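Asks: Sequence lines, in order, name chains C and G.
If you're matching positions, the first sequence starts at 1 in my numbering and goes up one per residue.
If you're matching positions, the second sequence starts at 1001 in my numbering and goes up one per residue.
All C-beta atoms, glycine included, are put in the ideal place defined by N, C-alpha and C.
Here the structure is a predicted model, which is why all the values come from computation and not from measurement.
Once you've had a glance at the structure underneath, I'll fire off some questions.
2 protein chains.
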Amino acid sequence: MIEALEPRRLKKVERREQILLELRLKPHVRVSELASLFGVTTETVRRDMEEMSEAGLLNRAHGGASAAAPGIHRDMDERRLERVAERERLGRFAASLVSDGETVMIDAGTTTMEFARSLAFAERRVTAITNSLQVAMVLGQSQAAQVRLAPGKYMQQEAAVIGTETCDYLSGFNVDACFLGAAGLSEAGVTEAVEGFDAIKRTMLRQSAARRFLIDSSKFGRTYLFRIATCDEIGTLVTDALPEGPLGTAIRDTSTEILVASAGPVCVGTKRAPAPR
Amino acid sequence: MIEALEPRRLKKVERREQILLELRLKPHVRVSELASLFGVTTETVRRDMEEMSEAGLLNRAHGGASAAAPGIHRDMDERRLERVAERERLGRFAASLVSDGETVMIDAGTTTMEFARSLAFAERRVTAITNSLQVAMVLGQSQAAQVRLAPGKYMQQEAAVIGTETCDYLSGFNVDACFLGAAGLSEAGVTEAVEGFDAIKRTMLRQSAARRFLIDSSKFGRTYLFRIATCDEIGTLVTDALPEGPLGTAIRDTSTEILVASAGPVCVGTKRAPAPR
DNA sequence: ATCGAAAATTGGGATATGCAACATACTTCA
DNA sequence: TGAAGTATGTTGCATATCCCAATTTTCGAT
Chain C
1 MIEALEPRRL KKVERREQIL LELRLKPHVR VSELASLFGV TTETVRRDME
51 EMSEAGLLNR AHGGASAAAP GIHRDMDERR LERVAERERL GRFAASLVSD
101 GETVMIDAGT TTMEFARSLA FAERRVTAIT NSLQVAMVLG QSQAAQVRLA
151 PGKYMQQEAA VIGTETCDYL SGFNVDACFL GAAGLSEAGV TEAVEGFDAI
201 KRTMLRQSAA RRFLIDSSKF GRTYLFRIAT CDEIGTLVTD ALPEGPLGTA
251 IRDTSTEILV ASAGPVCVGT KRAPAPR
Chain G
1001 MIEALEPRRL KKVERREQIL LELRLKPHVR VSELASLFGV TTETVRRDME
1051 EMSEAGLLNR AHGGASAAAP GIHRDMDERR LERVAERERL GRFAASLVSD
1101 GETVMIDAGT TTMEFARSLA FAERRVTAIT NSLQVAMVLG QSQAAQVRLA
1151 PGKYMQQEAA VIGTETCDYL SGFNVDACFL GAAGLSEAGV TEAVEGFDAI
1201 KRTMLRQSAA RRFLIDSSKF GRTYLFRIAT CDEIGTLVTD ALPEGPLGTA
1251 IRDTSTEILV ASAGPVCVGT KRAPAPR
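Now the structure itself:
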């Protein structure tokens, strides 16, 4: 009679299976909810979640857990938490460089992601080509935007596709501008750390009339293995602070246009009061 | 000096937009997290969430909120809530049809999504080609899987790419099997409601040695505009119940293999105790 | 059947969150 | 300019959750 009512005591692995199942139904479950569902203590559920969270199967939250965002990865999420304000400003500012009707190529990365969000938010009528699944999804939410995704080998690390197929595909389009991120910017030029992305970025550069690099000042002075462009190949540098030192002189030596998205120029993100009327 | 540090005080509507944007990137946000991000009190964020929750824009949770649809879309999310158990069983069963080393094509859809999850969970060593961003992301989490994504026009409705580019790309591969979902299955064959997806599915069929349709019994007897395959072109039908009535006779008349993923055959998801040793 | 390890429960103190009432700042409009 | 209305901040307290450690139960193996 007891066990007739109680569904049965689930084992550890079964319980975890169930937790994952629940998370597919709703994006968020509560510890207490699951505890009563399984007929175990909240402590037990908590420990389950603890381990599953470490295994990356879900994201813990106070009072519960949420599904591990498909395509969102720990490192990417952590990076997102850094320098948010800068990237936010940078992205908005870069988005203001795009007019209705333009065609653009957008790279994968946290900064270009911000850019895509701003574009979507502004409901800018653009045609975008990207190799980043996240950029596609975010920008695709805007009714005004047309998004084309490049083919290729899926890289979970950045939630993007890479490879020769990707480059070949991109080579088939000629766009008004490309918006690229990068891991480093120094006298040596724009450099990238991840193999495979360098080729993509170079291809995008080649196919674009205007070349825009979105690089925040924390990347200044850093040089990585793969060179994307030399200093004089940078069309427009969108950043959050003027480059100084050797990089500054090197870059001012070229015809590179430097746009600083400080608190000033782009008023969307600043609290500058409108002239006291 | 004050405003030099503070990015700026966002207005109410802007803040809420931001919350929604955040929720697109991760399925769950914390009240405290947003409060510090926006530079407002937790109470303010709480109040925002309160109203947004009532408006159905998000789901509240203790300590935060989760997306009403995490990167997914309302209609898709609603569908996700129906017949989950069936789809789960179906997906698992279908995954058991795949062996290490095989190459497969996977369609976009809620059922094939389950299938992809099971494949990823099983760490099956496969090479998959898909037009669904979600399938790519989910399957890409498995270290064992190689995922290739097809190019094309991004369709937000299903988070997938479609178009002639997509079909052309798919035509370049020959795989061991394809796993397709569908909106309807009747005497008229397998049919689909969304324009554009029919071409994709037919292309995948053409390029595959084995043809597998994942269709749960709720689709039986339904006919939609676009035909994917006639009854005798279905290689394998993976479903959760034997087709009856006219559909049943029509399909048994062919060489179609029918696999029913009832509670029996696939024990992973059931709590059937292993034979009392 | 017994033993040992793993899993689960229990209890309690610390912390986080929620809620409601009130105070303050900002905006709008006359 | 001033008053009304809205948005936000603050405070205090109830509640929920977390974390830790000790204890008990369960399960598998010999």
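(1) Which residue spans inside the region 1159-1215 of chain G form an unbroken beta strand (DSSP E) run of at least 3?
(2) Does DSSP put Gly-1235/G in a helix, a strand or coil?
(3) From the beta carbon of Pro-1243/G, is the nearest beta carbon of chain C less than 8 Å away?
(4) Any C-beta of chain C sitting closer than 8 Å to the C-beta of Asn-1059/G?
(5) If you check the beta carbons only, do Leu-1214/G and Thr-1112/G fall under 8 Å apart?
(6) Going by beta carbon distance, what residues of the same chain come within less than 8 Å of Ser-1099/G, once the five residues before and after it are set aside?
(7) For Glu-1312/G and chain C, any beta-carbon pair shorter than 8 Å?
(8) In angstroms, rounded to a whole number, what distance separates the CA positions of Arg-1148/G and Ser-1053/G?
(9) Quick check on this structure: which residue in Asp-1176/G, Val-1190/G and Ala-1095/G has the alpha carbon closest to the alpha carbon of Ala-1182/G?
(10) Anything in the region 149-167 of chain C with a Cβ closer than 7 Å to a Cβ of chain G? List those residues in chain order, please.
(11) Could you name the residues of the region 1095-1112 of chain G whose beta carbon sits closer than 8 Å to any beta carbon of chain C, in the order they occur along the chain?
(12) Just reading off the alpha helix (DSSP H) that Leu-1119/G is part of, what are its end residues?
(13) Would you identify the three-state DSSP class for Gln-1146/G, choosing helix, strand or coil?
(14) With a threshold of 8 Å between beta carbons, is Val-45/C in contact with chain G?
(15) For Arg-92/C, which of Ile-129/C, Val-238/C and Met-105/C has the nearest alpha-carbon?
(16) For Ala-1144/G versus Thr-1130/G, is the C-beta distance shorter than 8 Å?
(17) Taking 8 Å as the threshold (beta carbon to beta carbon), is Gln-141/C in contact with chain G?
(18) Please state the DSSP three-state secondary structure of Ser-1099/G.
(19) To the nearest angstrom, how far is the alpha carbon of Gly-1235/G from that of Thr-1254/G?
(20) Which residues share a DSSP beta bridge with Ala-67/C?
(21) With distances taken from CA atoms, which of Gln-1141/G, Val-1161/G and Arg-1212/G is nearest Glu-1195/G?
(22) Here's a check: name, in chain order, each residue in its chain whose Cβ is nearer than 6 Å to the Cβ of Ser-142/C, leaving out the five neighbours to either side.
(23) Once you ignore the five residues that flank Met-155/C on each side, which residues in its own chain have a CB closer than 6 Å to its CB?
(24) Cβ of Leu-1180/G within 8 Å of Cβ of Ala-1159/G?
Replies: Checking against the coordinates, here is how it stands:
(1) 1160-1162, 1175-1180, 1184-1186, 1189-1192 and 1208-1214
(2) coil
(3) no
(4) yes
(5) yes
(6) Arg-1124
(7) The shown model of chain G, from 1001 to 1277, leaves out residue 1312/G, and the question about it has no answer.
(8) 38 Å
(9) Val-1190/G
(10) Leu-149, Ala-150, Pro-151, Gly-152, Lys-153, Tyr-154, Gln-156, Ala-159 and Val-161
(11) none
(12) 1110-1121
(13) strand
(14) no
(15) Val-238/C
(16) no
(17) yes
(18) coil
(19) 10 Å
(20) Leu-58/C
(21) Val-1161/G
(22) Ala-120 and Glu-123
(23) Ile-162
(24) no
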